[in-house]
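Chains as they are written, first to last, in this note's numbering: chain A, 108 to 264; chain B, 61 to 390. For each residue, glycine too, the CB sits at the ideal point set by N, CA and C. Worksheet: the structure to be examined is printed underneath.
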Amino acid sequence: MVDTENIQMRGFHNLKDKDGKVWGFQFGLRTGYYKGLWLSQFRAGDAIVDGVRYPKETLLWNIQGIDYTREEMFDRMDQYWQVNDAAYVKVPKPGGLTQGYHDLVIEWGYVSNYNNELEKEYDGSGFGNAGPMMRRAGMGGQQAAPSGSKRRLLLVW
Amino acid sequence: MKRRQFLKSAAGVGAGLVAATAVAERTNAAAQEAKKGKPKRGVSVYSYSQVLGVCMTLEDCFADIYDMGATCFEMLSSHIEGYPNPTTQWIDRYFALCTKYNLQPAEMGHWCETHLHRGPMMTDEQIIANMVRDFKLANLLGFKSLRTKITCINQECDPEAGWERYMEKLLPLAEKYDVQMLSECHRPTLLTRQHITDYLAFAEKHKTKYFGINVDFGTFMHSSVPREQIASGAAQVTLTPLPEGSYSKPEDIIRVLAVNPRTFHAKFNYMDENYEEKTIPYKQILQILIDHGWSGNLVSEYEGPRRNETGYLGDQLRRQQIMMQRMLGY
């Protein structure tokens with residue numbers, strides 16, 4: 108089972124390399140949309156953590172155990188991100204985050220080619236024709252919002 | 061008077077005529093009755109999309125559908141674990157659930173994607189390869205109809221140019237896997253819209269039963285109800301009529317029946333405590349379907365508020381199933 112929120116409580120951790128050195132942190136995200144997405148339909152934006160912006164080009168998206176850059180996802184029209192699978196956003200930050208609460212924001216959107224106009228940015232530079240998205244509190248639905256998904260979460264390790 | 065003598069008498073001739081007429085009327089009535097449709101009641105797992113995987117499993121959904129007396133279901137590709145390549149374990153489990161809860165697969169919702177990469181439209185070969193993958197999966201899982209979302213260019217779902225070209229190539233493949241592709245006519249699209257006419261003309265031109273329309277009953281929605289009233293559970297709700305011409309009329313569904321669509325979406329917005337859906341003319345719609353001999357699957361699609369509350373959602377679905385049960389008589 109997943110969290111009701113887009114940003115998931117489980118999976119928020121610092122990341123260590125093979126020598127035990129902390130090189131960044133990660134958190135989980137599910138879209139909350141009723142339809143799964145082919146990775147090529149996803150439009151990843153920046154992460155903003157405690158007010159610090161981490162550019163989309165520096166992030167890795169781990170989906171079903173495989174790391175993808177934003178650019179790599181554009182070519183994966185064969186990989187499906189199912190509705191209740193969390194993707195783990197890996198954010199490079201030497202030393203990671205301190206134990207305690209942090210404010211997480213992730214910007215994202217996607218392409219949904221029905222009930223809608225086609226995507227205007229043919230190079231994928233935007234948030235698709237259905238983004239940016241965030242969960243509408245209490246209603247369980249989706250609406251466009253400029254800030255992506257956000258949540259205040261407690262980091263244990 | 062013996063029977064033979066009676067029949068020869070004037071009274072006998074008259075009585076014989078009356079009897080013959082009665083028999084003919086009964087036969088005629090029986091024939092008319094036999095022509096009437098027997099739609100099946102089902103539920104779309106879409107109704108559970110806010111709770112499936114959050115606090116309900118697929119088995120919970122199946123158990124709930126069975127519990128309210130429905131006999132078939134719609135599932136979206138989004139509900140198939142491991143889609144597009146579910147494991148054999150998942151498939152075994154799926155069939156075990158169908159057996160356990162006595163549910164028949166009705167329709168698989170999927171998408172005919174034409175822009176899975178940046179830039180222009182995909183080639184026909186790419187589009188068809190993805191569609192055939194879904195045909196095979198639907199066939200494997202026992203679905204006879206597909207709610208096929210065709211790539212469109214606006215909220216009325218007018219299709220992207222080129223649909224006839226790839227759809228023509230898909231027809232024999234759909235027939236091979238016995239899956240009927242149904243494009244959904246969904247509010248705000250009207251059943252009189254030009255692209256619906258074009259789709260029906262396409263099916264007629266190709267003399268196919270493998271392409272048609274899944275009518276989402278939201279297209280018949282003639283009044284709105286404030287979501288706040290529904291969400292608060294108000295006993296009395298305020299109906300606001302929608303502008304004439306902004307919704308389909310029940311009789312508009314008749315021309316769609318020509319290809320005998322196997323599944324329709326029994327969309328609803330709010331069921332009151334008297335089991336009435338006051339925004340959609342269900343009684344008239346179902347009567348038309350019955351009178352025209354339609355025996356497809358009616359799958360409940362709840363799209364009102366509080367879908368993320370299992371109790372509220374389950375109650376709304378049950379009220380709607382009671383409404384349809386009473387109208388259908390079973």
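State the start and end residues of the unbroken alpha helix (DSSP H) segment that holds residue 199 of chain B. 184 to 201
Can you tell me whether DSSP reads residue 298 of chain B as helix, strand or coil? coil
Flag this pair as yes or no: are the beta carbons of residue 262 of chain A and residue 119 of chain A separated by less than 9 angstroms? yes
For residue 174 of chain B, count neighbouring Cβ atoms within 10 angstroms of its own Cβ and tell me buried if that reaches 16, exposed if not. buried
Return the CA-CA distance between residue 210 of chain B and residue 178 of chain B, expressed in angstroms with no decimal places. 18 angstroms
Closer than 9 angstroms to chain A by CB, residue 361 of chain B: no
What residues in its chain sit with their C-beta under 7 angstroms from that of residue 270 of chain B, if we drop five residues either side in the sequence? 231, 234, 235, 240 and 241
Residue 259 of chain A, buried or exposed, once every other Cβ within 10 Å from all chains shown has been counted against 16: exposed
Mapping the DSSP letters down to three states, classify residue 134 of chain B as helix, strand or coil. strand
Would you decide whether residue 126 of chain A is buried or exposed? Buried here means 16 or more other CB atoms lie within 10 Å of its CB. exposed
Check the DSSP bridge columns for residue 328 of chain B and list the partner residues they point to. B:362
Which residues in chain A sit within 9 angstroms of residue 211 of chain B, going by Cβ to Cβ distance? 220, 221 and 225
Residues of chain B with CB closer than 7 angstroms to the CB of residue 208 of chain A, please, in chain order. By Cβ distance, chain B contributes nothing, its closest Cβ being about 24 angstroms from residue 208 of chain A, past 7 angstroms.
Suppose the cutoff is 8 angstroms on Cβ atoms and the five residues either side in sequence are ignored; what does the same chain contact list for residue 151 of chain B look like? 200 and 201
Within 10 angstroms of its Cβ, does residue 301 of chain B collect 16 or more other Cβ (buried), or is it exposed? exposed
What residues match up with residue 121 of chain A in a beta bridge as DSSP calls it? A:132
Minimum length 4: unbroken alpha helix (DSSP H) runs contained in the segment 149 to 187 of chain A: 177 to 180
Pair every Cβ in the segment 257 to 275 of chain B with every Cβ in the segment 209 to 228 of chain B, then say whether three or more of these pairs are closer than 8 angstroms. yes
Determine which residues of the segment 107 to 118 of chain B have a Cβ less than 7 angstroms from any Cβ of chain A, and write them out in chain order. 109, 110, 113, 114 and 115
Local conformation of residue 215 of chain B per DSSP, three classes: coil
For the segment 140 to 173 of chain A, which residues have a beta carbon sitting closer than 8 angstroms to at least one beta carbon of chain B? 141, 142, 143, 145, 147 and 148
List the whole-angstrom C-beta distance separating residue 103 of chain B from residue 112 of chain B, where the pair is believed to meet the contact cut-off of C-beta under 8 angstroms. The pair is not a contact, with the Cβ atoms about 12 angstroms apart (cut-off 8 angstroms).
Looking at the C-beta of residue 190 of chain A, does it have a partner C-beta in chain B at a distance below 9 angstroms? yes
Helix or strand or just coil, what does DSSP make of residue 93 of chain B? helix
Is any beta-carbon of chain D found at less than 9 angstroms from that of residue 150 of chain B? In the displayed structure, chain D is absent; the protein chains listed are A and B.
Residue 380 of chain B to residue 180 of chain B span [Cα, whole Å]: 43 angstroms
Compare the Cα-Cα distances from residue 114 of chain B to each of A:111, A:196 and A:189 and report the closest residue. A:111
Inter-residue Cα distance where the pair is residue 220 of chain A and residue 128 of chain A: 43 angstroms
Name the one or two DSSP bridge partners that residue 209 of chain A has. A:260
Cross-strand partners of residue 253 of chain B (DSSP beta bridge): Bridge partners of residue 253 of chain B: none, in fact.
I believe residue 325 of chain B touches residue 375 of chain B by the beta-carbon criterion, under 8 angstroms. Please report the beta-carbon distance rounded to the nearest angstrom. About 20 angstroms separates the two Cβ atoms, so there is no contact after all.
Could you list the residues in the segment 108 to 121 of chain A with a C-beta less than 7 angstroms from some C-beta on chain B, going in chain order? 108, 109 and 111
Looking at the structure shown, is residue 230 of chain B part of a helix, part of a strand, or coil, going by DSSP? helix
So, does the CB of residue 254 of chain B fall closer than 9 angstroms to a CB anywhere in chain A? no
When A:257, A:264 and A:233 are compared against residue 151 of chain A, the one with the closest alpha-carbon: A:233
Taking Cβ-Cβ distances shorter than 8 angstroms, what residues in chain B pair up with residue 180 of chain A? Those do not exist, as residue 180 of chain A stays about 11 angstroms from chain B at its closest Cβ, beyond 8 angstroms.
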